[in-house]
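Letter 25 of the sequence shown, counting from 1, is numbered 25 in UniProt numbering, and no numbers are missing.
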Amino acid sequence: MSHINETSGSTPQARRPVITWAFMVAALIIVLLLPDWAGTGNNRPIWIFALPPLLGIIGAGFAIRGEHPWWAVASALWGFFVIQAIIVGVTLIGGP
């Protein structure tokens, strides 16, 4: 009697870039904290605007390490354009 091992011919499931997604979500959370939702009039520190692009680049690095080139591109672009998206959104909602 022969025993057929079904798992020997299958390829391992591709790993998902969960760390990259976590950095993308962190960038979004930071950007959503940038507007003055309470109306206090306090300015945010200028260095906080560098965090979303930095998180996008770090997420892209993890995606490249995990051999996910398209997620690397998406993460890098997300980090740079998420700030512009919130600026457009606040301008459209609050006015100039």
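Virtual Cβ for every residue (Gly too), placed ideally from N, Cα, C.
A distance below 7 Å between beta-carbons, with the five flanking residues on each side excluded, links Leu28 to the following residues of its chain, in chain order: Val82.
DSSP places Pro52 in the helix class (H, G or I) of the three-state scheme. Pairing Leu55 with Ala26 gives a Cβ-Cβ distance under 8 Å. Ile87 and Ala50 have their C-alpha atoms spaced approximately 15 Å apart. Judged by beta-carbon spacing, Gly61 lies beyond the 8 Å limit of Arg15, meaning their Cβ atoms are not closer than that value. Here Arg65 carries a helix assignment [DSSP, helix/strand/coil].
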